[in-house]
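So the sequence shown is numbered by our numbering: it starts at 1001 and just counts up by one. Cβ coordinates follow ideal geometry from the N, Cα and C atoms, glycine included. Worksheet: the structure to be examined is printed underneath.
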Amino acid sequence: MREILKNSNGELFSIGIVMSEFNPHVGEALVKACHQELLNLGVKDERIVLAKVPGALESPLALKKMAQTKNLMHLLQWAL
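This is the structure we're talking about:
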């Protein structure tokens, strides 16, 4: 696994996050922590997209739709 260096500049990154709402307390906490870390790394807030789906089965469809837009460089997903 590659580790992001502390001095990485993420201002050019665009990130898509898919969160399952099956376990909202855990999912919201993960998204909040991830969002804050992305901001700390320099990713601009307007370049972070969050999609909430009902459960793990819908996650691949949301990821596929995000990937097809070609506007996002990286995709993250939690199905908890």
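- Glu1011 is the residue among Arg1002, Met1066, Glu1011, Leu1076 whose C-alpha sits nearest the C-alpha of Leu1041.
- Secondary-structure assignment with DSSP links Ala1051 through a beta bridge to Val1018.
- Per DSSP, the beta bridge partners of Leu1075 are Gly1016.
- Separation of Leu1072 and Phe1022 (C-alpha to C-alpha, rounded to the nearest whole angstrom) is 25 Å.
- Around the C-beta of Ala1067, fewer than 16 other C-beta atoms lie within 10 Å, and the residue is accordingly described as exposed.
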